[in-house]
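Protein chains in written order, with the numbering used here: chain A, 108 to 425; chain B, 108 to 425; chain C, 108 to 425; chain D, 108 to 425. Below: one structure, written as structure tokens.
4 protein chains.
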Amino acid sequence: MTDASADPSETYAYLGPAGTFTEAALKQVPEAQGKTWLSVNNVGEALAEVVAGRATAAMIAIENSVEGGVTAAQDALATIPGLRIVGEYLVKVNFVLVAKPGTKLDDVKVVNAHPVAYAQSRGWLERNLPDHGHIPAASNVYAATSLFDADSNADAAVAPPGIVDQLDVEVLARDIGDNPNAVTRFVLVSTSKAIPPRTGADKTSLIVELPDDEAGSLLAMLEQFSTRGVNLSLIQSRPIGDALGRYRFVVDLEGHVEDERVADALLGLRRFSPRVLFLGSYHRADHREIEYHSKYDDEIFIEARDWLRGILSGEPEA
Amino acid sequence: MTDASADPSETYAYLGPAGTFTEAALKQVPEAQGKTWLSVNNVGEALAEVVAGRATAAMIAIENSVEGGVTAAQDALATIPGLRIVGEYLVKVNFVLVAKPGTKLDDVKVVNAHPVAYAQSRGWLERNLPDHGHIPAASNVYAATSLFDADSNADAAVAPPGIVDQLDVEVLARDIGDNPNAVTRFVLVSTSKAIPPRTGADKTSLIVELPDDEAGSLLAMLEQFSTRGVNLSLIQSRPIGDALGRYRFVVDLEGHVEDERVADALLGLRRFSPRVLFLGSYHRADHREIEYHSKYDDEIFIEARDWLRGILSGEPEA
Amino acid sequence: MTDASADPSETYAYLGPAGTFTEAALKQVPEAQGKTWLSVNNVGEALAEVVAGRATAAMIAIENSVEGGVTAAQDALATIPGLRIVGEYLVKVNFVLVAKPGTKLDDVKVVNAHPVAYAQSRGWLERNLPDHGHIPAASNVYAATSLFDADSNADAAVAPPGIVDQLDVEVLARDIGDNPNAVTRFVLVSTSKAIPPRTGADKTSLIVELPDDEAGSLLAMLEQFSTRGVNLSLIQSRPIGDALGRYRFVVDLEGHVEDERVADALLGLRRFSPRVLFLGSYHRADHREIEYHSKYDDEIFIEARDWLRGILSGEPEA
Amino acid sequence: MTDASADPSETYAYLGPAGTFTEAALKQVPEAQGKTWLSVNNVGEALAEVVAGRATAAMIAIENSVEGGVTAAQDALATIPGLRIVGEYLVKVNFVLVAKPGTKLDDVKVVNAHPVAYAQSRGWLERNLPDHGHIPAASNVYAATSLFDADSNADAAVAPPGIVDQLDVEVLARDIGDNPNAVTRFVLVSTSKAIPPRTGADKTSLIVELPDDEAGSLLAMLEQFSTRGVNLSLIQSRPIGDALGRYRFVVDLEGHVEDERVADALLGLRRFSPRVLFLGSYHRADHREIEYHSKYDDEIFIEARDWLRGILSGEPEA
């Protein structure tokens, strides 16, 4: 499904087709606008395009996705060398009920829906269409496109809101998902080693293996953060898979590798852990300024280094 | 889909229908054999049956499920009061390619498959059936049952191995999943407050909220474990959802609440955390004996209490 | 120097003779008033009287003494079994210059003084009596009493303020010590296992040995305190003496063994350490109310135990 | 008592006179041999000579001294700016009983002794000279020199072993101290900012103030050491004296400021503490090689910095 003629430095891979939540995430990326967008079938394909140099970046779901693949994405980032996260995007996960123009809600007897989307809007459907039937779809977008198949028996489809830009459908109902606050977190992944500039509202992602499985080694890992005032926004243990009881940790921390406190925590982590993978520093999707105690300011780190340098050089202390 | 006449103390709810991986997990439960099994559509329904007293227990996927719902399951356990985990079960996740009797692999042109199962066996399918088409199914089991629909165009289906007990199908290929080591972890959930007996190979599950989001509060939480030599086998942050940046932690620890070191850690945790939910102590699915340093033996805790009691009572020390 | 006829339950040993700073500490003990006071020569003798049952308690200097013996006192408490601290007393350490009645400061050519007291008032003496000579004395009190020896060459003596109650001397100058804030901390030591009542302004003294000399074992010890919000007011490493690099720690903590947070810290400590010696809980000499975070209130500990008891008994949670 | 004509770069101050334990420590300093030795009266004077530039260094007792002044020495190092410890020396503290030539032990009726030395050899004296009298002396050396005073009533003196080099005395008994293992630790203090070379058997001395007196700040300080595998050989709380309940800590750690793990711990400490005073890195008196886990090797620190530098520069990781 790749387009061999596309300029890889101008190509973005995403879980397609047009209309998915993943595409909605990609629409948030200013530098991707007007470039080639490469629709693929799953996370593995998306990252393979990037690794092979056929795409400059891939948009993948990394947390709470209704399109699946989150665990696969985390494990892929942990095991495929050379990948970096360069941006984070949030997409409100909600569903619309759509039909061919002219259809009314009362006419709907059969609903086409991806099984996961169906499960997540089942409450609304049972309340409003108590006698409906369900036809499964291979994806959220195909649920809607299949309405136009000649042999389709479905009267309506559960679809992402973006579907209205792709198809001539009528929206019979909005916000039919059972959880009105559902959000999926996406990351843009590339092989570029250039780090997005520090903004003060940044996040840094890491994969860390513990030196052993003794009680206390997780604690020792976290001390590397807390002793520098670095907050975590995500921590998740994942079995490494090579042996019983060994784990790696997916960690998101608040701050940028160019923040002194983060850089120093990374140094501590690298000394402590047999394997620590830097997945990138990037602007937070929520643009929220990182708050931290002033005792972890860059100046404090710089001053301490100056002080130590003075001692080591034999100069009098200030 | 509930059976009103069933004896709730003899009824087990599970994500059905017969043939799912969840049913395979339930088959591992000795006390469920010969009882009423209630097939439901999703985790929410399964837990609702238990809470309503219509089922004595529900089997739900809690980690790495290909049938979905893991995050929903974790969040449900965190928010629905009164639930307890009473058992843990592992099911090897693999798929078979099945067809109506007499079908040969070479005959297969169209494959029916749940979208997630399809994604996970896509590698095998593309290698062995490069020109196949895909028809989505609402579930892994329906993929196979639909082969017998009069109007079905599919020649084969991707299905769980258990399907052979349900349908008169022929297995065209086994182990077609792309990840040969994939395992899903299931838990049996009930409202019973009786705790399964301590076996020495136990696990305890908790939900813990941190007192605030300061750097260091996660560390302080983990100190409650490490200072008593209690190992964690799972830790996962989950946004609480009521405010930005607040997390709860899903924690599995090695040991039983009747182990002194675990009981003491729970005491420390309860004092530390504004909310800690005990989800249960239960036998580990892998039967692996817990290893811990002898300085955390029950006797050490008991001896220390005797010592303190002696001091407080004014008796001479030994 | 013991008085064999004294009732041991009514006898207090102290570093004498009358007039010492230690006697000034003993004067602060209400229950010692009107009882037999036994003057001894050093800390070892004082504690020996208590251990032998010839004295009900001994007053000894434990920190910042000008009369010496602090290290010896700490080591004695660590090694002599059965001793308990039952009270704490502070004495302002200052000196007066005294002489036989009729003597004027201008007349003073030779000063009798214990060498340590002399060192501590040397500044004043050199400024005010630049040409004086020094005769050493065996103790601060003997410095003054020797003025009345027939063959004494001294014109004045450096002595504790309490000397005026013992001898018919004239005070030529007050507050001649070089450090106006000097204070010595004394403790009253007995073999009674009865613990002084909790007042809210208490201190608890411990001797703790670390399990080994690895980096981190001191930290692990202190976690036992910090994780229960228990503050230390004194920590001091002392070589154990049986092997290179092994230390015991003299620890004073804020609170009473009947405070839940302190009791729990002691439990943790006892489990952690190969040897922990409870030296007593007693009212603080400065009467300062202990401040601690409300999350370490007794109620929190009691509530947590109730919660755990409910879980273990299989009762429903509140 | 200073010698104005002495070359300060060639002058060593010590608690004199010749024959003291402090002199015995100074005799262990190769570079001091053949230079001017300046005998002073106490620690304060010794350090004042150094600060004023009249002495190149001063030998002072810092732990377990029978000559007193240890607390004063610690507090002086904490408050007098510009001082550095450049060497550590151990002197076995024992006493000899000496007399004028021709005296026999049986002849001894009166013993001259510094009060502290007397207390420490009282056991031997009472066993061997049960009826002896005691005349106090201003110092251990004067106890012996006074034997030669015309009007002395003493028959023998308790004195340091070094006295035999100073006076024509006969040793009546050796090793009469009650504690056969007693050792005093001395340090050589100068204002030189040059740090003695790293030997692998080094010690580093610090004074650290805690940011506040909350439970946990001492723990946080020690984490700076333990997280880098740095062991402490001494820790002692000392009241700062400016306010109730504030403490500074006298800390000796194993290692040299040029060890990466020590340098990094100092950086962490400096960021953490409102005031940390580097008192020097110097060769250990016991020449014992520092043992530490290989994960704290210099190479580990250097490798981690290289790794971080690669990330920050945008170069591909190795």
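Virtual Cβ for every residue (Gly too), placed ideally from N, Cα, C.
Among the residues of the stretch 283 to 300 of chain B, those with a Cβ less than 7 angstroms away from any Cβ of chain A are Asn288, in the order of the chain. DSSP places glycine 151/B within a helical segment (H, G or I) once states are collapsed to three. When the alpha-carbon of valine 276/A is set against those of Ser253/A, His390/A, Gln140/A, the nearest one is in Ser253/A. In the DSSP assignment, tyrosine 225/B falls outside any beta strand (DSSP E) and within the unbroken alpha helix (DSSP H) covering 222 to 235.
Each residue's CA atom was taken as its position, placing threonine 210/D and asparagine 149/C some 30 angstroms apart. Ranked by Cα distance from alanine 251/D, the first of Ser340/D, Val278/D, Phe385/D, Ala226/D is Val278/D.
Straight across, the Cα-Cα distance linking serine 299/B with leucine 190/B is about 8 angstroms. Taken in chain order, the complete alpha helix (DSSP H) segments of 4 residues or longer contained in the stretch 369 to 425 of chain C are 405 to 420. Close to glutamine 135/B, with beta-carbon spacing below 7 angstroms, lies no residue of chain A; the smallest spacing is near 19 angstroms.
For the stretch 283 to 338 of chain B, the continuous alpha helix (DSSP H) assignments of 4+ residues that do not extend past its boundaries occur at 324 to 333, in sequence order.
If you draw a straight line from the Cα of glutamate 410/C to the Cα of arginine 378/B, it is about 8 angstroms long.
Sequence-distant Cβ neighbours of glycine 284/C in its own chain, meaning closer than 6 angstroms and more than five residues away, are Asn201, Phe202, Gln227, Ser228. Beta-bridge annotation (DSSP): threonine 143/C is paired with Thr118/C.
For the stretch 330 to 343 of chain B, the residues whose beta carbon sits under 9 angstroms from a beta carbon of chain A are, in order, Glu330, Phe332, Ser333, Thr334, Arg335, Gly336, Val337, Asn338, Leu339, Ser340, Leu341, Ile342, Gln343. Residues of the stretch 244 to 276 of chain D with a C-beta less than 8 angstroms from any C-beta of chain C: Ala244, Ala245, Ser246, Tyr249, listed in chain order. The Cβ atoms of arginine 335/C and alanine 372/C sit closer than 8 angstroms to each other. Listed along chain A, the residues sitting closer than 7 angstroms to asparagine 171/B by beta-carbon distance are Thr178. In the three-state DSSP reduction, leucine 212/A falls in the helix class (H, G or I).
Residue environment analysis places glutamine 181/D among the buried positions, since at least 16 neighbouring C-beta atoms fall within 10 angstroms of its C-beta. Selection Gly160/A, Tyr354/A, Arg292/A, Phe332/A evaluated against aspartate 366/A yields Phe332/A as nearest (Cα-Cα). Contact check for valine 218/A against valine 265/A passes: the beta carbons are separated by less than 8 angstroms. Taking 8 angstroms as the cut-off, the beta carbon of aspartate 262/D is found no closer than this to the beta carbon of aspartate 213/D. Proline 268/C carries a helical assignment under DSSP once its states are collapsed to helix, strand and coil. Taking 9 angstroms as the Cβ-Cβ cut-off, the stretch 215 to 228 of chain C approaches chain D at Ala220, His221, Pro222, Val223, Tyr225, Ala226, Gln227, given in chain order. Inter-segment contact for the stretch 396 to 409 of chain C and the stretch 296 to 311 of chain C is present: three or more beta-carbon pairs are separated by less than 8 angstroms. Residue-level contact check: glycine 323/D touches chain C, since one or more beta carbons of chain C fall below 8 angstroms from its beta carbon.
By the Cβ-count criterion, aspartate 405/B is exposed, with fewer than 16 other Cβ atoms from all chains shown falling within 10 Å of its own Cβ.
Residue contact with chain C for asparagine 235/D: absent (no Cβ-Cβ distance below 8 angstroms to any residue of chain C). Residue contact with chain A for glycine 421/D: present (Cβ-Cβ distance below 8 angstroms to some residue of chain A).
Between glutamine 135/C and alanine 301/D, the alpha-carbon positions lie close to 51 angstroms from each other. Beta-bridge analysis with DSSP links valine 278/C to Val205/C. When the beta-carbon positions are compared, glycine 194/C and proline 304/C stay at least 8 angstroms from each other.
For histidine 363/B, no chain A residue has a Cβ inside 7 angstroms of its Cβ, as the nearest lies near 16 angstroms away. In the three-state scheme derived from DSSP, where H, G and I count as helix and E and B as strand, alanine 159/B is classed as coil. The three-state reading of DSSP puts glutamine 343/C in strand, counting E and B together. Contacts between alanine 411/B and chain C, judged by CB atoms closer than 7 angstroms, involve Leu374, Arg377, Arg378 in chain order.
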